[in-house]
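Protein chains in written order, with the working numbering: chain A, 1 to 264; chain B, 1001 to 1250. We treat Cβ as the ideally placed atom computed from N, Cα and C, and that holds for glycine. For reference, the structure discussed in these notes is given below.
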Amino acid sequence: MTTPEIPQRSWSQRWHVKGVGWTALLVALLVGSSKMTGVDVGMFFSNFDQFTNLLVRMSQPAWSYVPIIIQPLYETIQMAILGTTIGTVFAVPFAVLAASNLVHNQWLRGIIRLILDLVRTLPDLLLAAIFVAIFGIGSTAGVITLAIFSFGMISKLFYEVIETIDMGPLEAMESVGASKVTIIWYAVLPQIMNQFVSYFLYTLEINVRASTVLGYLGAGGIGVFLQRSLSEFDYNKTAVIILATLVVVMVIDGVSNHLRRVLL
Amino acid sequence: MDQQPIISFKNVNKIYNNGTVGLKDINFDIPRGEFLVVVGLSGAGKSTLLRTINRMHEISSGEITIENEPISDYKGQSLRLLRRKIGMIFQDFNLIKRSTVQRNVLSGRVSYYPTWKSVLNLFSAADKDRAIRALERVNLTEKLYTRADELSGGQQQRVAIARTLMQDPKVILADEPVASLDPLTTQTVMDILKRLNQEDGITVIVNLHSVALARQYADRIVGLRAGAVVYDKEIADVTEADLTKIYQTA
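Here it is in structure tokens:
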């Protein structure tokens, strides 16, 4: 019996030149950037006791604080839901126009993507500061900030999902004589719906956490209380706020997992 | 059969942007009600030829007329109306997999509605009934509320045919409709196409790579090689030797 002729791997394939090269380059970049920015990893370990000290001071959550933060936490969730929803409503048409498999006009797509890049570049804290200045202290500023932040994030996540869909059903709908909007509605939406829902909930989760930070600037919600407890060094209250936020995040995560299963 | 051809190719050429020749000087007529099978190797231009008929692909020169109307100037609404009367089925079925069979079949009717009505799912009772009758034609009424991805390949292709029927098409284009199916379901799908051709008088144009199937179902066989028509005969005149010639690679 003759052995079949096995093709020879080239020299670079045999020694994995590409993989090794990229890894070396990444390590070099990492070391180089930590050198240039002066990050001292040793400091993290030598000052670790400060961190444990903080944990110890948070280790006795002031449970009596719970009833007081229910209302602001509730407000935070409402802000997050409002902001995420408003942002998503505007993000969907932008995501469609930014998807290279749906819009073949490079100029239109380029302009849309430029706008989206610009929106994502604006830091949310800057947005919050601006809107607090415009609308005054309160949740309106918070909601608008979250809406713009969600818009930037969701439109990018959404158009990347759209670009992975199977184009077959679109071809079929086109051959049927459907209009563009109908094609998107029938052939695109069902393919991306479950990922849309999961990205929406992921953004909602980020927004719940972000709105705690926005509270710092007076944009309403639980953040105001977080800032107060921190500035009073009342870490046991801080612990309660963090735990309460954790519960909300876990609930959203649970809902997200459930919906993704159902919508699959 | 009507004497006027329903589709007519005149000196049609297609050259892709990268310089590849897709179609080379195509000239032939398709009479109304014919069951035409186009055979040829992969890359011979069968899919391209089929898709020029409903303008899913543009041609570079020449003219295609459908019911004596040149189709190259259609755009927007008139192009959608052209596509409405030309049904198309695909090798990979191209159903919307996460949607029900009913929604897939009804989606074949959207060109009869304004966009806002199709988006809001406002199909008339008559059209919902039409969907059931379309499924009756392909023997799948019991799957009305089943999700498309739960069906077998042969069933999916039958749903695709039902979707096409909703358009009330005068022509059905089938691009390798049985290439992903087993021999048994292949017969079922081809039989349905033949029946639509004979009972409803729909002109059917099918791309196939199987010569045996072509001989079994076609009224006429057109052979393509490298984008050019190398063969065009009524089924009665087709010989085995002719067909091997089409598949010569040289």
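Hey, how far is the Cα of THR1188(B) from the Cα of GLU1176(B)?
-> 14 angstroms
Please name the residue in ILE183(A), PRO190(A), ARG209(A), PRO72(A) whose C-alpha comes closest to that of ARG1098(B).
-> PRO190(A)
With a Cβ-Cβ cutoff of 9 angstroms, do THR84(A) and PHE200(A) count as a contact?
-> yes
Identify the continuous beta strand (DSSP E) that holds ALA1228(B) and give its terminal residues.
-> 1228-1234
Interface residues of the stretch 188-209 of chain A facing chain B [CB-CB below 8 angstroms] = PRO190, GLN191, MET193
9 angstroms Cβ cutoff, PRO169(A) in contact with chain B | yes
Which chain A residues sit within Cβ distance under 9 angstroms of THR1115(B)?
-> ALA178, SER179, LYS180, VAL181, THR182, TRP185
Is ALA1226(B) near VAL1204(B), with beta carbons less than 9 angstroms apart?
-> In this structure, ALA1226(B) sits away from VAL1204(B), with a CB-CB distance that is not shorter than 9 angstroms.
Where GLY110(A) falls, given that 16 or more other Cβ within 10 Å makes a residue buried | exposed
Cutoff 9 angstroms: GLN1156(B) Cβ touching any chain A Cβ = Nearest CB-CB separation between GLN1156(B) and chain A: not below the 9 angstroms threshold.
Spatial distance of ARG228(A) from PHE131(A) (CA atoms) | 21 angstroms
State the Cα-Cα distance for the pair MET1001(B) and GLN1198(B), rounded to the nearest angstrom.
-> At MET1001(B) the pLDDT is 47, less than 50, meaning the model places this residue with poor confidence; the figure from the coordinates comes in the next sentence. Near 11 angstroms, if we compare the C-alpha coordinates of GLN1198(B) and MET1001(B).
Identify, in the order they occur along the chain, each residue of the same chain with its Cβ nearer than 6 angstroms to the Cβ of PRO169(A), setting aside the five sequence neighbours on each side.
-> ALA187
What are the residues that DSSP puts in a beta bridge with ARG1225(B)?
-> Under DSSP, ARG1225(B) forms a beta bridge with ALA1228(B).
Please confirm if SER1111(B) has its CB atom under 9 angstroms from at least one CB of chain A.
-> yes
Leaving out five residues before and five after SER256(A) in sequence, what residues of the same chain have Cβ atoms less than 6 angstroms from its Cβ?
-> Take SER256(A), set aside five residues on each side of it, and the residues of its chain with a beta-carbon closer than 6 angstroms to its own are SER198, LEU201, in chain order.
Rounded C-alpha distance that separates GLY1040(B) from LYS1143(B) | 35 angstroms
What are the start and end residues of each continuous alpha helix (DSSP H) run of 4 or more residues lying completely inside the stretch 1057-1136 of chain B, in chain order?
-> 1077-1084, 1101-1106, 1115-1119
Would the beta-carbon of ILE1086(B) fall within 9 angstroms of that of GLN1167(B)?
-> yes
For SER1118(B), go through chain A and note every residue whose CB falls closer than 9 angstroms to its CB, in chain order.
-> Those within 9 angstroms of SER1118(B) in chain A are ALA178, SER179, VAL181, THR182, TRP185, TYR186.
Below 6 angstroms CB to CB, which residues in the same chain sit around VAL1178(B) once its five sequence neighbours on both sides are set aside?
-> Here VAL1178(B) has THR1186, VAL1189 as same chain residues with Cβ atoms under 6 angstroms from its own Cβ, once five neighbours each way along the sequence are excluded.
Buried/exposed call for ASP1149(B), threshold 16 Cβ in 10 Å = exposed
Mind checking if LYS1010(B) is an interface residue toward chain A, Cβ cutoff 9 angstroms exclusive?
-> no
On the DSSP bridge assignment, give the partners of ASN105(A) in chain order.
-> Partner(s): none; ASN105(A) has no beta bridge.
Can you name the residues that DSSP bridges to PHE158(A)?
-> DSSP output for PHE158(A) lists no bridge partner at all.
ARG1163(B) burial status per 10 Å Cβ neighbour count (16 or more: buried) = buried
Can you check whether the CB of ILE112(A) is closer than 9 angstroms to the CB of PHE90(A)?
-> The answer is no: Cβ separation not under 9 angstroms.
Taking the runs of the alpha helix (DSSP H) that are 4 residues or longer, which of them lie wholly in the stretch 218-262 of chain A?
-> 223-231
Let me know the secondary structure DSSP gives SER33(A) once reduced to three states.
-> helix
Quick one, which of ASP1127(B), PHE1123(B), SER1124(B), GLN1156(B) has its alpha-carbon nearest ASN1139(B)'s?
-> GLN1156(B)
Could you give the C-beta distance for VAL249(A) and TRP63(A), rounded to a whole number, given that I count them as a contact under 8 angstroms?
-> Their Cβ separation, rounded to whole angstroms, is 20 angstroms, which puts VAL249(A) and TRP63(A) out of contact at 8 angstroms.
Starting from the beta carbon of SER175(A), find every residue of chain B whose beta carbon is closer than 7 angstroms, and list them in chain order.
-> ASN1054, MET1056, ARG1083, MET1088
So with Cβ pairs under 9 angstroms, would you call ALA1160(B) a contact of chain A?
-> yes
Under the DSSP definition of a beta bridge, which residues are partnered with THR203(A)?
-> None, per the DSSP bridge assignment.
Using CA coordinates, which residue listed in ALA1125(B), LEU1081(B), SER1072(B), ILE1007(B) is at the minimum distance from ALA178(A)?
-> LEU1081(B)
Residues near VAL103(A) by beta carbon distance below 7 angstroms, same chain, minus five either side | Counting only Cβ-Cβ distances below 7 angstroms, and skipping sequence neighbours, we find LEU97, ARG109.
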